[in-house]
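K.L.:
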Amino acid sequence: MKYTFTLFILITLIAMSTFQTKTKADLIVYNAKVYTVDSDFSVVTAFAVKDGKVLTTGSDKAILDQYEAPEQINEQGRAVYPGFNDGHSHFLSYGMSLIRWADLVGTQSFEEVLDKVKAHHDQLKSFWILGRGWDQNDWKNTDYPDNTLLNRLYPNNPVVLTRIDGHAVLANAKALELAGITPQTKIEGGEIVLDHGKLTGVLIDNALDIVQMVIPEATQEEKTKALLEAQRNCFAEGLTTVTDAGLDKADILLLDRLQKEGKLDIRIYAMMSPTQENFDEFFTTGPVHNGRLTVSAVKLYIDGALGSRGALLLKPYSDMPGHFGLRLHPMDYYDSICAKAYKAGFQVNTHAIGDSGNRIMLQTYARFLKGKNDRRWRIEHAQVLSPEDFHYFGDYSVIPSIQSTHCTSDMYWAEKRLGPVRIKTAYAYKQLMEENGWEVNGTDFPIEDISPLKTFYAAVARKDIKGWPSGGFEMENALSRRDALYSVTLWPAKGSFDEKQKGSLEPGKVADFVVLDQDIMNCPEATIPHVKVLSTYVSGKKVYSSR
Ligand SMILES: [Zn+2]
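First residue of the sequence shown: 1, per the working numbering; consecutive thereafter.
1) From what residue to what residue does the alpha helix (DSSP H) around Met272 run?
2) Compute the Euclidean distance between the alpha carbons of Gly238 and Asp138, then round it to the nearest angstrom.
3) Are the beta-carbon atoms belonging to Glu68 and Ala245 less than 8 Å from one another?
4) Report the residue ranges of all alpha helix (DSSP H) runs contained in full by the segment 451 to 513; include only those spanning at least 4 residues, in chain order.
5) So which residues touch the region around ligand 1, with touch meaning a C-beta under 6 Å from any heavy atom?
6) List the DSSP bridge partners of Gly131.
7) Quick check: the segment 259 to 267 against the segment 282 to 296, are at least 3 beta-carbon pairs closer than 8 Å?
8) If you compare alpha carbons, which of Ile399, Val421, Asp517 and Tyr396 is closest to Leu534?
9) Counting only the same chain and skipping the five closest in sequence on each side, list residues whose C-beta sits under 6 Å from that of Ala341.
10) Tell me which same chain residues have a C-beta within less than 7 Å of the C-beta of Ser273, skipping the five on either side of it?
11) With burial defined as no fewer than 16 other Cβ atoms inside 10 Å of the residue's Cβ, what is the status of Gly286: buried or exposed?
12) Could you check the C-alpha separation between Gly106 and Trp413 for me, to the nearest Å?
13) How big is the Cα-Cα spacing for Val214 and Ala250?
14) CB-CB under 8 Å to Ile450, same chain, minus the five flanking residues each way: which ones, in chain order?
15) How many angstroms separate the CA atom of Asp395 from the CA atom of Gln66?
16) Look up Asn151 in the DSSP assignment and say whether it is helix, strand or coil.
17) Counting Cβ pairs, one atom from each stretch, are 3 or more of them under 8 Å apart for the segment 360 to 373 and the segment 416 to 429?
18) Suppose only complete runs of 3+ residues qualify. What are the beta strand (DSSP E) ranges in the segment 197 to 284, listed by chain order?
19) Do three or more CB pairs link the segment 112 to 123 to the segment 521 to 529 at distances below 8 Å?
20) If contacts are defined as beta-carbon pairs under 8 Å, then Ile63 and Ala46 qualify, I think. What distance do you get, rounded to the angstrom?
21) Comparing C-alpha positions only, which one of Arg378, Leu369, Ala102 and Asp143 sits nearest to Tyr301?
22) Does the beta-carbon distance from Gly503 to His329 come in below 8 Å?
23) Cutting at 7 Å between CB atoms, please list the residues of its own chain near Pro529, excluding the five before and the five after it.
24) Using the three-state DSSP reduction, which class does Tyr569 fall into: helix, strand or coil?
25) Can you list the beta strand (DSSP E) stretches of 3 or more residues lying completely in the segment 290 to 335, in chain order?
26) May I have the straight-line CA-CA distance separating Glu499 from Thr200, to the nearest angstrom?
27) Here's the rule I'm using: 16 or more other beta-carbon atoms within 10 Å means buried, otherwise exposed. How should His196 be labelled?
28) Any idea if Trp468 is buried or exposed, counting beta-carbon neighbours within 10 angstroms, 16 or more meaning buried?
29) Applying the criterion that 16 or more other CB atoms from any shown protein chain within 10 Å of the CB defines a buried residue, is Asn141 buried or exposed?
30) Could you pull out every residue in the same chain whose Cβ sits closer than 6 Å to the Cβ of Asp256, ignoring the five residues on either side in sequence?
31) Thinking Glu191 and Asp209 are a contact (beta carbons under 8 Å), I'd like their distance in whole angstroms, please.
32) So for His381, helix, strand or coil by DSSP?
33) When DSSP labels each residue in this structure, what does Gln579 get in the three-state scheme?
34) Have a look at Ser356, Ala230 and Lys223 and flag the residue whose alpha-carbon is nearest the alpha-carbon of Ile252.
35) How close, in whole Å, do the beta carbons of Gly83 and Asp512 come, if the pair is a contact with beta carbons under 8 Å?
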């Protein structure tokens, strides 16, 4: 009896002491395989979250002994990763494409484009008919289309159909008329394609602006709707940070407002377009890092895209003699913006696809950066590089911002444009990564699918979803799964100077994480693009669940 009583007291005391010493958390995740993606690439089984941040990570025993929380999730061994970050995307354009544009991605012929445009117009019945995503390289006839049929079908409605890369459009006669384009119109850094002196409706690079300027701007309500739809789709794919690579001031302020009102939970790296309005607003106050929104970079373009032959090459295109592509602005334009950005402490992120475009920008950056530095100026795409130019990335600490699905989308035809020699140092993602030991990965959506798992798959397998080519495309430039995971989590956070706040699951960082139904670090390669997102969390709050 005495012993029983003593035992009772003892158990009570132990229970009380355990109760008293347990630290309160908001959420505990345990019995999981948690890839923290910290600098040691440690894998743990549990972590605790408090006030939207990771309190600590460790073993189930360590976490459950020390913490208690109203919500404790047993993940039954499932894989958990930091929330994915798309380092180069166009979030607002993607949203607008969801609500305004006919989706022409994957069309196999121009006839199919016309069918989709008709179905879209029957539903929306708007005056302007907009579409996006055609790619003549996917058709039997890979020549540019012309607007003859569009003129016949839509004599009274302006129609503008944007090519997959966003660097060319097909406009019908009504749209060209409203934009005031005639066969005599000339534009620096752009091309108005003619056939026997007549307009074909194809406009390339800077020529797009003439027609885009007359398309009525979306209202704030439309944009809000677009952003919320885009956010929903991004959460469903495990993205917790996205990028908007080039926005005007009003749109950046709209993102900020929607975040502050609690409507947009997704974190956004908004690069500003090089407008005077943006410079006046942001250069005077300095870079913004408020946890949700980062505004620390200016986005520039040196050239166009490879598919539309706008990328600026050192030697002519292999499939178009005498054609080098286009430089979009005079040299002093780049110098003057780099000077302003350098002075204001902002990054410069320049779209560069061709080997000449890349060289011009790398040499321009080098004049300002002078040597190794921590300015994190970036080359967006860094797609075709001359073998002599890789060293600039390392010598001047320039960050490559790559899109691994561009490689697997372009691999069918890129060699036609570049020939057998230049293709060897194109899409050279591993070689680029090795220059600084890290790089940013993204999709450039809506140009590519928004899925970060497809980005990861393309980076490691360098095959399309059907597994072609069976040996992978130029496998010497494949990333390891470990590097590929860094490239969609911690490295893009570093690419926007946000690596102290996010990008890995470490104490003090935001609790942005994603639970997958399979472990992408170990599952068979071919299943990676089919892995399902089970849930997505931002600041410890569930924002998506398929369970
Ligand atoms: Zn882009």
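Glycine included, every Cβ here is placed at the ideal spot set by N, Cα and C.
P.N.:
So, from the listed chains and residues:
1) Run containing Met272: none in the alpha helix (DSSP H); it sits in the beta strand (DSSP E), Arg267 to Met272.
2) 29 Å
3) With a cutoff of 8 Å on beta-carbon distance, Glu68 and Ala245 are scored as not near each other.
4) 452 to 461, 481 to 487 and 490 to 494
5) Qualifying residues, in the order they occur: His88, His90, Ala245 and Asp444.
6) Answer by DSSP bridge pairing, in chain order: Ala102 and Leu161.
7) yes
8) Asp517
9) Val298 and Val348
10) Gly246, Leu247, Asp248 and Lys299
11) exposed
12) In a straight line, the C-alpha of Gly106 is about 15 Å away from that of Trp413.
13) 18 Å
14) Asp86, Ser89, Tyr94, Asn233, Cys234, Glu237, Leu239 and Thr443
15) 47 Å
16) helix
17) no
18) 198 to 205, 239 to 247 and 267 to 272
19) no
20) That pair is a contact at about 4 Å.
21) Arg378
22) In terms of Cβ geometry, Gly503 and His329 do not form a close pair [threshold 8 Å].
23) Taken in chain order, the residues that qualify are Leu453, Lys454, Tyr457 and Ile465.
24) What is shown of the chain runs 1 to 547, which leaves residue 569 out entirely.
25) 293 to 295 and 297 to 301
26) 48 Å
27) exposed
28) Exposed, since its Cβ has fewer than 16 Cβ neighbours within 10 Å.
29) exposed
30) Leu293.
31) Beta-carbon to beta-carbon, Glu191 and Asp209 are separated by about 12 Å, too far to satisfy the 8 Å threshold.
32) strand
33) This structure gives no information on residue 579, because the portion of the chain shown stretches from 1 to 547.
34) Lys223
35) 3 Å
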